[in-house]
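Below is one structure; the comments refer to it alone.
In the numbering used here, the protein residues as written are 44 to 185.
Here you go:
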């Protein structure tokens, strides 16, 4: 199960945070800082899985952004790596060469995308065409 999903830049600025467990605000800030401290210092020779407290961080770096999922220790690492990659591919298709500014100025669309792909801490949809079609429908409604 996914505990939280973070998108952070290299400087540690959080560009998106989705929480699937109840944390108070101080704990959230602490988690954000600790996750960035762990993943930002790792190089390409390390795996993209890190033990974190009683959980595990599965992350990928794309350009200057870190996409981090906090999951249960016994969950499948590769499934979550693929979910992150799929999420980034859908972002890239939706925004046509996504950049950090797209995430900042269209945060509501990014959260809609997260809600289409992940539900209650589980992977809901893996089909990029289906997700894109749903996002287009949502865009037309607005």
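Backbone N, C-alpha and C fix where the C-beta goes; we use that ideal spot for every residue, glycine too. Here the structure is a predicted model, which is why all the values come from computation and not from measurement.
- The Cβ atoms of residue 48 and residue 147 do not sit closer than 8 Å to each other.
- Per DSSP, residue 99 is not a residue of any alpha helix (DSSP H); the beta strand (DSSP E) it occupies stretches across 98-105.
- With a beta-carbon spacing of about 7 Å, residue 46 and residue 114 fall inside the 8 Å limit used to define contacts.
- Across the set 58, 63, 149 and 59, the C-alpha of 63 shows the shortest separation from the C-alpha of residue 163.
- Distance from the Cα of residue 104 is smallest, within the candidate group 81, 139 and 173, for 81.
- Pairwise C-beta distances place the region 167-185 out of contact with the region 74-88, as fewer than three of them are shorter than 8 Å.
- For the options 72, 127 and 74, the alpha carbon positioned closest to that of residue 108 is the one of 127.
- In the DSSP assignment, residue 115 falls within the unbroken beta strand (DSSP E) covering 108-115.
- Under DSSP, the beta-bridge partners assigned to residue 60 are 49.
- Counting other Cβ atoms within 10 Å of its Cβ, residue 72 stays below 16 and is therefore classed as exposed.
- The C-beta separation of residue 129 from residue 101 comes to about 13 Å, leaving the pair out of contact by the 8 Å criterion.
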